[in-house]
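Just below is one structure, and these are the notes that go with it.
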Amino acid sequence: MNAGRFEMEIKLENPETRYFLMMLIIALIVFSAVLVIPIKLIEPDDITYYAAMKAFSQGKITVSRSELLELQRDASYEELIGVPN
0 MNAGRFEMEI
10 KLENPETRYF
20 LMMLIIALIV
30 FSAVLVIPIK
40 LIEPDDITYY
50 AAMKAFSQGK
60 ITVSRSELLE
70 LQRDASYEEL
80 IGVPN
């Protein structure tokens with residue numbers, strides 16, 4: 000055995016080795032695809048975003064459905080009449 004050299008022999012006749020190699024190749028393909036494909040995030044509409052920011056400014060981290068609808072109604076009314084933020 001040479002001190003500066005490392006040799007390894009892979010025997011593909013072994014079914015476990017072939018299975019491991021196939022799984023490794025599949026994992027590399029899947030992980031590469033995940034990194035390459037862009038993520039498309041859904042953006043909220045302006046009124047919902049405004050309502051959420053208004054609730055957050057009032058100290059509310061979570062809001063119920065009825066509170067959200069009320070905030071959206073207020074936000075759409077303010078947007079309609081042109082009230083500045």
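With numbering that gives the first Met the number 0, you'll find the sequence shown wraps up at 84, consecutive numbering, no jumps. All C-beta atoms in this analysis are idealised placements derived from N, C-alpha and C, irrespective of residue type, glycine included.
By the neighbour-count definition (other C-beta atoms within 10 Å, threshold 16), Y48 is an exposed residue. A contact between stretches requires three or more CB pairs, one per stretch, nearer than 8 Å, and the segment 35-52 meets this requirement with the segment 62-72. Per DSSP, S63 lies in no alpha helix (DSSP H) segment and is marked neither H nor E.
When DSSP states are grouped into helix, strand and coil, D44 belongs to the coil group.
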